[in-house]
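Under the numbering used here, think of the first position of the sequence shown as 1, with each following residue one higher. C-beta: ideal position from N, C-alpha, C; glycine also. Small disclaimer: the values here were computed from a predicted structure and weren't measured.
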Amino acid sequence: MEETKELLRVEHLKKYFPTSRGLLYAVDDINFSINEGETLGVVGESGCGKSTLGRAILRLHEPTDGKVMYEGENILEYDSQKMKAMRSNMQIIFQDPYSSLNPRMTVSQAIAAPLLIQGIFKKNQKDEIQKKVNEMMDLVGLARRFANSYPHELDGGRRQRIGIARALSLNPKFIVCDEPVSALDVSIQAQVLNLMQDLQEQLGLTYLFITHNLSVVKHLSNKIMVMYLGQMVELADPKTLFKNPLHPYTKALLSAIPTPDPEYKMERVILKGELSSPINVPEGCRFAKRCVYAKPECANIKVRLCEPEPGHFVACHLISGDLGIDS
Ligand SMILES: Nc1ncnc2c1ncn2[C@@H]1O[C@H](COP(=O)(O)OP(=O)(O)OP(=O)(O)O)[C@@H](O)[C@H]1O
Ligand code: SF4
Ligand SMILES: [Mg+2]
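Put into structure tokens, the structure is as follows:
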């Protein structure tokens, strides 16, 4: 088997937002790496920090601390000029293509915009621009008859194809996919996911694929990271995670997915309450208030990330044994 090379490594990444009530710990000490051509799925409830993580990696939100190593270089140290050049390599596909597209731009203009902004073409190179736009429309399966249509004239699936074409027009290697199918009708979701997988294979793309739905990333991820209140609570390959989830939060997320596969049948774990505030978070486990296995010490003692089996990481006192609790 061919060896894959690491493309991105995120080390101790933090993004805190100052608020009137104190610091909001949106992303708090996240670590992972992604190999070239592979996908890391990022899963968690609304407000757990998924989008902030994606944006902090791309410096659309300037990180508070940590490193984003891209091909061995920390891009957080890049000046604005170097970062502008780097933007061609690192792109984003948004959840809602409607709000991320300018309603006054045609499909052609929307796809051409990043090329003009990055200085790949000058405005007067009309023929070259049109050729590139046609090429991108063909690539994402958008019929050329829509070239002069406006976003509101298209359905959600076609609008998302524009978003994908825009992201791909600069030949990036790495793409943050921020819930790219969540706003689409179920019937269209599979088409767009298939397209994204085909494009990944064809172009060797590397994805950070954000979703609140574990079943969406199960088939397209090489690794899945589960996030809770700004932190990583579990990381494993999909097979391991679905077969042997170790963190109580992952167990609860998985038990909520209906499955016809008896191999994965598990008892339903009901999650108590809602995600608590990311402001004034406890020193210890942030999941303690909702965890059915919680001990009083869980919220007070810092949780250590441990690796109970190779490549499977979990942040829970039950697994680390730090409190003398057995799973
Ligand atoms: N610009 C900002 N200023 C202050 N707080 C913010 C900002 N952006 C996000 N937050 C807060 O950071 C936390 C994480 O938000 P984020 O949007 O990253 O979550 P998410 O997991 O992407 O949620 P969703 O699934 O709803 O998209 C939330 O508490 C949110 O309110
Ligand atoms: S550390 Fe304690 S509260 Fe947190 S998930 Fe593990 S058992 Fe539950
Ligand atoms: Mg989000």
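Counted within 10 angstroms of its Cβ, other Cβ atoms place glutamine 91 as buried (16 or more) or exposed: Taking the first residue of the sequence shown as position 1, residue 91 is located at position 91. Per the 10 Å Cβ criterion, buried.
Residue burial classification, cysteine 285 (beta-carbon count within 10 angstroms, cutoff 16): Numbered from its first residue, the sequence shown carries residue 285 at position 285. Buried: at least 16 other Cβ atoms inside 10 Å.
Which residues DSSP lists as bridging serine 33, in chain order: The sequence position of residue 33 within the sequence shown is 33, counting from 1. Answer is Arg9, bridged to serine 33.
Simplified DSSP state of lysine 123, which is helix, strand or coil: Within the sequence shown, numbered from 1, the residue matching residue 123 stands at position 123. Under the three-state reduction of DSSP, lysine 123 is assigned to coil, being neither helix nor strand.
Check: serine 277 C-beta below 7 Å from any heavy atom of ligand 3: Residue mapping note: residue 277 aligns to position 277 of the sequence shown, counting from 1. False, no ligand heavy atom lies under 7 Å from that Cβ.
CB of leucine 254 within 8 Å of CB of proline 248, strictly: Residue 254 sits at position 254 when you count from the first residue of the sequence shown. Residue 248 sits at position 248 when you count from the first residue of the sequence shown. Not a contact, by the Cβ cut-off of 8 Å.
As assigned by DSSP and simplified to three states, the class of leucine 305: Along the sequence shown, read from residue 1 onward, the residue named residue 305 stands at position 305. Residue state, collapsed to three classes: strand.
In DSSP terms, what threonine 19 is bridged to: In the sequence shown, the residue the question calls residue 19 occupies position 19. Bridge partners of threonine 19: Gly22.
Exposed unless 16 or more other CB atoms sit within 10 angstroms - verdict on proline 18: Against the sequence shown, residue 18 aligns to sequence position 18. Exposed.
Other residues of its chain near glutamine 189: CB distance less than 7 Å, five sequence neighbours each side excluded: Taking the sequence shown and counting its residues from 1, the one referred to as residue 189 is at position 189. Spatial neighbours of glutamine 189 in its own chain (CB-CB distance under 7 Å, excluding positions within 5 residues in sequence) are listed in chain order as Val181.
Methionine 136 versus glycine 163 - alpha carbon distance: As a working mapping, residue 136 is identified with position 136 in the sequence shown. As a working mapping, residue 163 is identified with position 163 in the sequence shown. Rounded to the nearest angstrom, the two C-alpha atoms are 11 Å apart.
Range covered by the alpha helix (DSSP H) that runs through tyrosine 98: Sequence index remark: in the sequence shown, residue 98 carries index 98 (1-based). Going by DSSP, tyrosine 98 is part of the alpha helix (DSSP H) stretching over 97-100.
Cα-Cα separation, leucine 8 to leucine 214: Here the question's residue 8 lines up with position 8 in the sequence shown. Here the question's residue 214 lines up with position 214 in the sequence shown. As the crow flies, the alpha-carbon of leucine 8 is around 22 Å from that of leucine 214.
At least 3 beta-carbon pairs within less than 8 Å: the stretch 11-28 vs the stretch 127-143: A contact between stretches requires three or more CB pairs, one per stretch, nearer than 8 Å, and the stretch 11-28 fails this requirement with the stretch 127-143.
C-alpha distance - proline 172 paired with isoleucine 257, whole-angstrom precision: Here residue 172 refers to the residue found at position 172 of the sequence shown. Here residue 257 refers to the residue found at position 257 of the sequence shown. Near 34 Å, if we compare the C-alpha coordinates of isoleucine 257 and proline 172.
Segments of 4+ residues assigned as alpha helix (DSSP H) that fall wholly inside the stretch 64-100: If one requires a minimum length of 4 residues, the alpha helix (DSSP H) runs lying completely within the stretch 64-100 are 80-86 and 97-100, in chain order.
Residues bridged to glutamate 234 [DSSP beta-bridge criterion]: Counting from one through the sequence shown, the residue named residue 234 turns up at place 234. Residue pairing by DSSP puts glutamate 234 in a beta bridge opposite Val226 and Val314.
For leucine 229 and proline 278, believed in contact at Cβ under 8 Å, the rounded distance: By one-based count along the sequence shown, residue 278 stands at place 278. By one-based count along the sequence shown, residue 229 stands at place 229. Contact holds; Cβ gap of about 5 Å.
Local Cβ density within 10 Å of lysine 251, reported as buried at 16 or more and exposed below that: The residue given as residue 251 occupies position 251 in the sequence shown. Flag for lysine 251 reads buried.
Valine 303 Cβ short of 7 Å to ligand 2 heavy atom set: Working through the sequence shown from its first residue, we reach residue 303 at position 303. Yes - ligand 2 has a heavy atom lying nearer than 7 Å to the Cβ of valine 303.
Cβ-based burial, isoleucine 30 [other Cβ within 10 Å; buried from 16]: Looking up residue 30 in the sequence shown gives position 30. With a threshold of 16 other beta carbon atoms within 10 Å, isoleucine 30 meets it and is buried.
Other residues of its chain near tyrosine 207: CB distance less than 6 Å, five sequence neighbours each side excluded: Counting from 1 along the sequence shown, the entry for residue 207 is found at position 207. For tyrosine 207, the CB contacts under 6 Å within the same chain, skipping 5 residues up- and downstream, are Thr39, Ile175 and Cys177 in chain order.
Close-in-space but distant-in-sequence residues of the same chain around phenylalanine 313 (CB under 6 Å, 5 per side omitted): By one-based count along the sequence shown, residue 313 stands at place 313. Listed in chain order, the non-local C-beta contacts of phenylalanine 313 below 6 Å within the same chain comprise Leu235, Leu305 and Glu307, local neighbours out to five positions each way being set aside.
Sheet register partners of cysteine 285 (DSSP bridge): As a first step, residue 285 must be located in the sequence shown, where it is residue number 285. Note: cysteine 285 sits in no beta bridge, so no partner.
8 Å Cβ shell around valine 375 - same chain, five flanking residues per side excluded: The chain is shown only over 1 to 327; residue 375 falls outside these bounds and no answer can be derived.
Chain-order list of residues whose beta-carbon lies under 7 Å from that of serine 46 (same chain, five-residue window excluded): For the purposes of this step, residue 46 is taken as the residue at position 46 of the sequence shown. For serine 46, where only same-chain residues beyond five positions count, the Cβ hits under 7 Å are His212.
Cα-Cα separation between proline 151 and serine 51, rounded to whole angstroms: In the sequence shown, the residue the question calls residue 151 occupies position 151. In the sequence shown, the residue the question calls residue 51 occupies position 51. So the alpha carbons of these two residues sit roughly 24 Å apart.
Classification of glutamine 81 by the beta-carbon crowding that lies within 10 angstroms, buried from 16 upward: Your numbering for residue 81 matches position 81 in the sequence shown. Under this definition glutamine 81 is an exposed residue.
Check: lysine 289 C-beta below 7 Å from any heavy atom of ligand 1: Walking along the sequence shown from the start, residue 289 turns up at place 289. With a cut-off of 7 Å, the C-beta of lysine 289 is classified as distant from ligand 1, since no heavy atom of the ligand falls inside that distance.
Serine 187 classed as buried or exposed, judged by whether at least 16 other C-beta atoms fall within 10 angstroms: Translated into positions along the sequence shown, residue 187 becomes position 187. That one is exposed.
Nearest-angstrom Cα separation, counted from alanine 110 out to leucine 101: Taking the first residue of the sequence shown as position 1, residue 101 is located at position 101. Taking the first residue of the sequence shown as position 1, residue 110 is located at position 110. So the alpha carbons of these two residues sit roughly 7 Å apart.
Distance cut-off 7 Å: aspartate 248 Cβ against heavy atoms of ligand 2: Counting from one through the sequence shown, the residue named residue 248 turns up at place 248. Checking the sequence shown, residue 248 turns out to be proline, not aspartate. Yes, since a heavy atom of ligand 2 falls inside the 7 Å radius drawn around the Cβ of proline 248.
Among Glu62, Val42, Tyr78 and Lys289, nearest to asparagine 222 - alpha-carbon criterion: As a first step, residue 222 is located in the sequence shown; it is residue number 222 there, counting from the start. Minimum Cα distance to asparagine 222 is reached at Val42.
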